[in-house]
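For the sequence shown, position 591 matches number 591 in UniProt numbering, and the numbering has no gaps at all. Don't be surprised by glycine CBs; every beta carbon is placed ideally from N, CA and C. From a predicted model like this one, the values you see are computed outputs, not experimental measurements. Below: the structure, in structure tokens.
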Amino acid sequence: MKFYRKANRRHFSELSDVLDTEEGSSSDNYGALKSDSTDGSCEADRVIIINKPQSQQFCNNKISTAKYKFLTFLPKFLLEQFSRYSNIFFLFIALLQKRHQADDLVNNRRVKVLRDNTLQSLLWTEVQVGDIVKVVNGQFFPADLIILSSSEPMGMCYIETSNLDGETNLKIRQALPLTAKMTSLLDVRCMQGRVECEGPNNRLYDFVGNITFQSQKSVPLGPDQVLLRGAHLRNTQWIFGLVVYTGHDSKLMQNSTAAPIKRSNVDHTTNIQILFLFGLLLGLALCSTIGFKIWTDSHKQSHWYLGYSGKKAQNLGMSFLTFIILYNNLIPISLTVTLEVRYIFSDKTGTLTRNVMEFKKCSIGGISYCGDEDTFVDPSLLDNLREHHPTASVIREFLTLLAVCHTVVPERDPSNPDKIIYQAASPDEGALVRGAKKLGFSFNVRTPLSVIINAMGQEEVYEVLNVLEFNSTRKRMSVVIRTPEGKIKLYCKGADTVIFERLQDKQMYLDGTVKHLEEFAKEELDPDEFQRWSDIYYKASTSLENREKNVDEAAELIEKDLFLLGATAIEDKLQEGVPESIAALADADIKIWVLTGDKQETAINIGYACRLLTPKMKLLICGEETLDGTREWLNEHLRDLGRLSSKKWPSKARTLLHGLSDELKLGFLDLALSCKAVICCRVSPLQKAQVVKLVKQHVKDAITLAIGDGANDVGMIQAAHVGVGISGVEGLQAASASDYAIAQFRYLNKLLFVHGAWSYQRLAKLILYSFYKNVCLYVIELWFALDNGFSGQILFDKWCIGIYNVVFTSVPPLAIGLFDRTVSSDSMLKYPKLYKASQNAEIYNTKVFWMWIAASVYHSLLLFYLPCFMLKHEGPFSDGTLVGEWFLGNVVYTLCHVAIWGSIASWFIFLLLYCIPAVALYIAPHMIGQDRMLYSCGVFWISLFIIPMITLLLDLLYKIFRRTFFKTLMQEIQEVEAEHLVLPFLKKKVLKLAELIRRYDTTLKKPRGD
């Protein structure tokens, strides 16, 4: 909305007295200064002496992004890896070395630094606080700097901050007029003064400080004068800058946080089962040790050759450790990362929508204007302006406001100087300026003190006296300008809720404009009144303590009694395929929550457009402003919880603030979980992350996914189990902080339904197979121990045991992990309900895990005792050798390979080579001749076919029973896909009726058959 206010005199003495008190307590005693920062600040306010040795000690400019150092590597590495019982990242050391190399590359960059009255080329690590550096076009800033001057007029420069926030549009920074004229080396060298600023903190877009030269008045420093480390200079030949923060004190490094370690449900289940298996291993070892003790005590007289020493404790200890080693291979190593998602938290702008804002409609003086579907050009608006319509003056003020009330920077296209490119901090602000240009009010030039527009072919210069910038708390922006006629006016634009509070009574056009979204207003100021307010604003803007609060309070004094001009409607179209994607996600029983900073009406309209909302749903809209009101609203609807089925809950920011309080958060969550979809409006980045954490911490087995495209979505992306970033208009910061990066929202379906489901199914089978094959083989040692008096004797050769996982059974896990798929990708996308198998952990859960373990124990029992039974009466071989434990071990080992689908051929080849006397003599003499004995034994070849069949018979019968009587949707689709493959083949084998008729010839004589 746009507003106008007539001249009103008011008294500002109260705030002025407060600021005078603050100034008196802070400006005279620099040593007592304290920062108003409560988050991220690590030291008191700093004082920097220009061109002199510093009185304070500051950190050096060397940085390190490596996770470990030489002394801390081992404890930190072990702590992190043991939090994941089954997973060790073997390649981490190599990656670590590359990280140090990257640090060295940055630290060894060079920059020109003013030292000993000359510019010297120094390493970044040698840059110190208080240094004056010269950065040239294309270079990165070596530290956080305050710009002193530049090659551009009025000390302006262009920077790109894509490394900081992912935004590729150029931003303007400007030196203070006090220092902008110091453009030569001599001027900079003679500079004497001091800078007072807040201590190091992680607030990337905030800076509070003052600069003072000799006996001059202090001048405030803000974010517009700061050049952050990580950004680089563009379209500017050079700048001089004063170093204020170095190394890990810089805002870039203050914002560097380690990404959280995320765990999937498969990971959690596997960790628990490994603990149980570890307990089982200890139990088996303990039982075997007890068996050893009992057997030894009962046979020590008759079996004196065993060498029983009588040291019971030592013998039992050695026996226990022997069995631990014997059974240790029960637990394999596995890698588990899956996407079994139940809740999706999505940003709106740029994620569900395109974040390409278009000026579509406006309301001026209570009259609505709109253009065609693609552009906004309404002839009636310009006709009313030209033909002196009663609202003509309002239309002119409205369009003037659009052209001057903003922070957009105009750039000329080098290839086409007549073309203006608008560099805007936000897409909607750029859309408003472009919309004004289409209507004849073109914004052409910005200087530090004015803006120049072309209004209906006439150039007009507006002097900018003050800019009250937009922030998430104020939700509005204002500029105080002096018109070409010499009048002082305040133009204000912002959200409807904050603008309505500041209107004069009895607004002429209020009823006709109240339906629209962005509100604009103006106010005409008396020069004396403005001067009094300007003095208060100056005191607020130069205060070191609570500067932001003081500036907001000063702005409140002048942003009142506004005159409503009109409203705008800016369209942000849905991304392609969003409605279909959301419908498919809903079919998969995935709950979708939209967390947006937009107003409630906009969010609800988008909800209907993307099919998140349907007309049949009951809307529960909570807009309570107070804690008591929110509590009462929640209690009322929680009582009705059982009677309501299809609901959608849009919630405002203040309601959400109360809903996330300790008192109400569980009630908030209960009601939200009962809804099919939830929209949270006007939320901050912190609130987005808090909502995700609330569901993550208090909903059992809830796997959360957060998806967004902007820097304000990073918090919720990192808070969720799975973070997905979209590389869009708002930059790459969300994509960089995420686990997965995609181009558009619609690709989320393939990520979850295809890659996520396949990954879950493959890894589930891989883990189950890994445990199965190890338990199946190594539990046989337990059955063998029962027959050998728990002596700790092994049945299999030690080399065969060692390379069992590495060689003989390595191919099946690799094949499963790479190629296994239950159904095709087209079917996975066509039938979203297939995703429920991943959601509900039907393939891998505690029950399934122990069924596989039980099957492996059962199979090991058969694989040991059936060969023992069949070889019981096997006579001596032709060379006189008898069947012994090594022969039995080789038979059982071979049968295990066949039964568990191992690399059968590799084992046969290995055995032939391993038993060659020249090889076996040095590493395993007992294996000499075992291959000849094995392959010449008829019982072995018979058992090779019979025993695996007997072992797997029960499994086969179980699968037939399940597919016949309890068929799943997945199995039905598998059969449909199989029919589609088989039917075309069968059709080729059967002649069609028409083909048979064409082949029949009635002119031929029929055979008589005699």
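Beta bridge counterpart(s) of residue i as assigned by DSSP
{"i": "Leu562", "result": "Leu503"}
{"i": "His232", "result": "Phe140 and Glu160"}
{"i": "Gln174", "result": "Met156"}
{"i": "Tyr245", "result": "Asp144"}
{"i": "Asp413", "result": "Asn416"}
{"i": "Met191", "result": "DSSP output for Met191 lists no bridge partner at all."}
{"i": "residue 1018", "result": "Residue numbering for the chain in the displayed model covers 1 to 1010; residue 1018 lies beyond these limits and cannot be assessed."}
{"i": "Asn210", "result": "Glu196 and Pro220"}
{"i": "Asn454", "result": "Ser442 and Glu459"}
Whole-angstrom distance between residue j and residue i, CA atom to CA atom
{"i": "Val113", "j": "Leu252", "result": "21 Å"}
{"i": "Gly283", "j": "Ile947", "result": "29 Å"}
{"i": "Lys539", "j": "Val551", "result": "9 Å"}
{"i": "Ala735", "j": "Ala741", "result": "5 Å"}
{"i": "Lys549", "j": "Arg474", "result": "11 Å"}
{"i": "Leu956", "j": "Arg962", "result": "10 Å"}
{"i": "Leu954", "j": "Tyr858", "result": "10 Å"}
{"i": "Glu842", "j": "Leu751", "result": "20 Å"}
{"i": "Asn466", "j": "Val480", "result": "5 Å"}
{"i": "Ile524", "j": "Arg396", "result": "Note that residue 524 corresponds to Glu in the displayed sequence, not to Ile. Straight-line Cα distance between these residues: approximately 15 Å."}
{"i": "Arg821", "j": "Asn845", "result": "19 Å"}
{"i": "Ala764", "j": "Val848", "result": "10 Å"}
{"i": "Asp418", "j": "Phe441", "result": "16 Å"}
{"i": "Cys157", "j": "Val356", "result": "27 Å"}
{"i": "Asn107", "j": "Arg229", "result": "12 Å"}
{"i": "Leu664", "j": "Ala689", "result": "17 Å"}
{"i": "Glu580", "j": "Asp535", "result": "57 Å"}
{"i": "Phe869", "j": "Trp783", "result": "14 Å"}
{"i": "Gly291", "j": "Phe276", "result": "22 Å"}
{"i": "Ser288", "j": "Asp103", "result": "54 Å"}
{"i": "Ser380", "j": "Phe359", "result": "16 Å"}
{"i": "Lys515", "j": "Ala603", "result": "With a pLDDT of 49 at Lys515, under the threshold of 50, the predicted position of this residue should be treated as unreliable, and no value is reported."}
{"i": "Gly435", "j": "Ala569", "result": "11 Å"}
Test: residue i CB closer than 8 Å to a CB of chain D
{"i": "Arg932", "result": "The structure shown contains no chain D; it holds only a single protein chain."}
Option in the options with minimal Cα separation from residue i
{"i": "Glu123", "options": "Gly247, Lys181, Glu198 and Gln225", "result": "Reading off the sequence, residue 123 comes out as Leu, not Glu. Among Gly247, Lys181, Glu198 and Gln225, the Cα nearest to that of Leu123 is on Gly247."}
{"i": "Leu185", "options": "Ser149, Asn635 and Gln718", "result": "Ser149"}
{"i": "Cys786", "options": "Tyr865, Gln761, Gly756 and Tyr831", "result": "Correcting the residue type first, residue 786 is Leu in the shown sequence and not Cys. Checked all of Tyr865, Gln761, Gly756 and Tyr831; the closest Cα to Leu786 is Tyr865."}
{"i": "residue 1013", "options": "Leu382, Gln793, Val683 and Cys59", "result": "There is no way to answer for residue 1013, as the model of the chain reaches only from 1 to 1010."}
{"i": "Thr446", "options": "Cys405, Val498 and Ile582", "result": "Reading off the sequence, residue 446 comes out as Arg, not Thr. Checked all of Cys405, Val498 and Ile582; the closest Cα to Arg446 is Cys405."}
{"i": "Pro448", "options": "Ser825, Gln225 and Ala569", "result": "Gln225"}
{"i": "Ala672", "options": "Leu694, Pro142 and Lys438", "result": "Leu694"}
Three-state secondary structure assigned by DSSP to residue i
{"i": "Arg386", "result": "helix"}
{"i": "Asp418", "result": "strand"}
{"i": "Glu576", "result": "coil"}
{"i": "Phe966", "result": "coil"}
{"i": "Val775", "result": "helix"}
{"i": "Ile274", "result": "helix"}
{"i": "Arg611", "result": "coil"}
{"i": "Gln101", "result": "helix"}
{"i": "Tyr740", "result": "strand"}
{"i": "Phe470", "result": "coil"}
{"i": "Gly708", "result": "strand"}
{"i": "Leu351", "result": "Note on residue identity: the sequence assigns Thr, not Leu, to residue 351. In this structure, Thr351 counts as coil in the three-state DSSP scheme."}
{"i": "Thr118", "result": "strand"}
{"i": "Asn605", "result": "helix"}
{"i": "Val683", "result": "coil"}
{"i": "Ser393", "result": "helix"}
{"i": "residue 1019", "result": "No statement about residue 1019 is possible, as the shown extent of the chain runs from 1 to 1010 and does not include it."}
Supposed close pair residue i, residue j - CB separation, criterion 8 Å
{"i": "Leu145", "j": "Asn235", "result": "About 18 Å separates the two Cβ atoms, so there is no contact after all."}
{"i": "Val594", "j": "Ser346", "result": "5 Å"}
{"i": "Tyr205", "j": "Pro223", "result": "6 Å"}
{"i": "Val722", "j": "Leu705", "result": "4 Å"}
{"i": "Ile592", "j": "Ile582", "result": "6 Å"}
{"i": "Ser478", "j": "Glu559", "result": "6 Å"}
{"i": "Gly725", "j": "Ala737", "result": "6 Å"}
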